[in-house]
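Down below is the structure, laid out as structure tokens.
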Amino acid sequence: MPLSTPAAPRRLLHKRVVQCYGYQRDDGLWEIEGRMVDTKTYSFPNEDRGGFIQAGDPLHDMWIRLTVDGEFLIRDAEASTASSPFALCPAIAERYRRLIGVRIGPGWNQKLRELFSGVDGCTHLTELLGPVATTVFQTVYGQRYDEEDVKPAEERTTPPMLNSCHALASDSPVVKKRWPQAYTGQNSAADGPAPLRNECIT
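Just add 2 to wherever you are in the sequence shown, counting from 1, and you've got the working numbering.
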């Protein structure tokens, strides 16, 4: 694996798997689905699930689907809880329809806190909206930039995520090569990677 060898012997106790899928619909809209599944390697007591949740059975199995347009406006939203530790948990899913009419972009996390903080939401469904929102951008912008990539570099549209991370700093060699019109660094053959920026590490 890409990480270093663990420092001591260990055993797996818990696994969380988050999967996100981005689809383009035939009507021009986009659908993003996210799923979060938590499992444990051992059985443990649970009053709402027949006395025990067995090893490998989902503690959480939760889904979200967002339908968005090309401007990232949410046209429809659906949430579902297939497995949960408490029988009451699925009842909150309908509340996530409050996302309809919200635009994914700056202020997204603040909006989620306003809509679903505390008793007004489910911790795990709200967490799942983070990678789902990222997948919206990867899906919609991904196709747009696939189309952009066939153009000469000087004709490409500057990406809105410029300066959003280390690699896309306006003075980085990545920007110099792919979007030269947006490049702000030195034009030298000796140009190397831009130094790490603290604001890119969150």
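By construction, the Cβ of each residue, glycine as well, lies at the ideal position given by its N, Cα and C atoms.
What does a CB cutoff of less than 8 Å around residue i pick up in its chain, not counting 5 residues either side in sequence?
{"i": "Val138", "result": "Gly24, Trp32, Ile34, Leu68, Val70, Phe74, Ile106"}
{"i": "Gly53", "result": "Pro47"}
{"i": "Thr141", "result": "Gly24, Tyr25, Gln26, Trp32, Ile34"}
{"i": "Tyr185", "result": "Ser172, Asp173, Val177, Lys178"}
{"i": "Val121", "result": "none"}
{"i": "Leu198", "result": "Residue placement at Leu198 cannot be trusted, given a pLDDT of 46 that sits under 50; what the coordinates show is reported in the next sentence. Same-chain partners within the cutoff: His168."}
With residue i and residue j assumed to form a contact (beta carbons below 8 Å), what rounded beta-carbon distance in angstroms separates them?
{"i": "Met64", "j": "Leu15", "result": "No, Met64 and Leu15 are not in contact; Cβ-Cβ is about 20 Å, not under 8 Å."}
{"i": "Asp78", "j": "His62", "result": "Asp78 to His62, Cβ: 23 Å. No contact."}
{"i": "Pro108", "j": "Ser85", "result": "With 8 Å as the limit, Pro108 and Ser85 do not qualify as a contact, their Cβ atoms being about 34 Å apart."}
Would you kindly check if the distance between the Cβ of residue j and the Cβ of residue i is under 8 Å?
{"i": "Asp50", "j": "Pro87", "result": "yes"}
{"i": "Ser82", "j": "Ala95", "result": "yes"}
{"i": "Gly36", "j": "Val134", "result": "yes"}
{"i": "Gly123", "j": "Arg97", "result": "yes"}
{"i": "Pro182", "j": "Glu156", "result": "yes"}
Quick one: what's got a C-beta closer than 6 Å to residue i's C-beta in the same chain, skipping five residues either side?
{"i": "Pro161", "result": "none"}
{"i": "Ala192", "result": "Interpretation of Ala192 is limited by its pLDDT of 47, a score under 50 that renders its predicted location unreliable; no figure is taken from the coordinates."}
{"i": "Leu117", "result": "Arg100"}
Ordered along the chain, which non-local residues of its own chain (more than five positions away) have a Cβ less than 7 Å from that of residue i?
{"i": "Ile203", "result": "Residue confidence for Ile203 is low, a pLDDT of 32 falling below 50, so the modelled location carries little weight; the figure read from the coordinates is stated next. Answer for Ile203: no residue qualifies."}
{"i": "Leu131", "result": "Ile66, Leu114"}
{"i": "Val19", "result": "Val39"}
{"i": "Met163", "result": "Leu170"}
{"i": "Val104", "result": "Ile76, Lys113"}
{"i": "Gly58", "result": "Thr41"}
Hey, quick one: how far does the alpha helix (DSSP H) through residue i stretch, first residue to last?
{"i": "Glu33", "result": "Premise fails: Glu33 lies in the beta strand (DSSP E), 32-42, not in any alpha helix (DSSP H)."}
{"i": "Gln111", "result": "Residue 111 is actually Asn in this sequence, not Gln. Note, Asn111: alpha helix (DSSP H), 110-118."}
Which residues bound the beta strand (DSSP E) around residue i?
{"i": "Arg18", "result": "16-26"}
{"i": "Thr83", "result": "76-85"}
{"i": "Val70", "result": "62-70"}
{"i": "Ile55", "result": "53-55"}
In this structure, what does DSSP give as the bridge partners for residue i?
{"i": "Asp173", "result": "According to DSSP, Asp173 bridges with nothing at all."}
{"i": "Arg105", "result": "Leu75"}
{"i": "Pro47", "result": "Phe54"}
Indicate, with yes or no, if the ligand SAH has a heavy atom lying under 7 Å from the CB of residue i.
{"i": "Glu116", "result": "With respect to small molecules bound, the structure shown includes none, and the ligand SAH cannot be examined in it."}
Nearest chain C C-beta to residue i closer than 8 Å, yes or no?
{"i": "Asn189", "result": "Chain labels in this structure do not include chain C; a single protein chain is all it has."}
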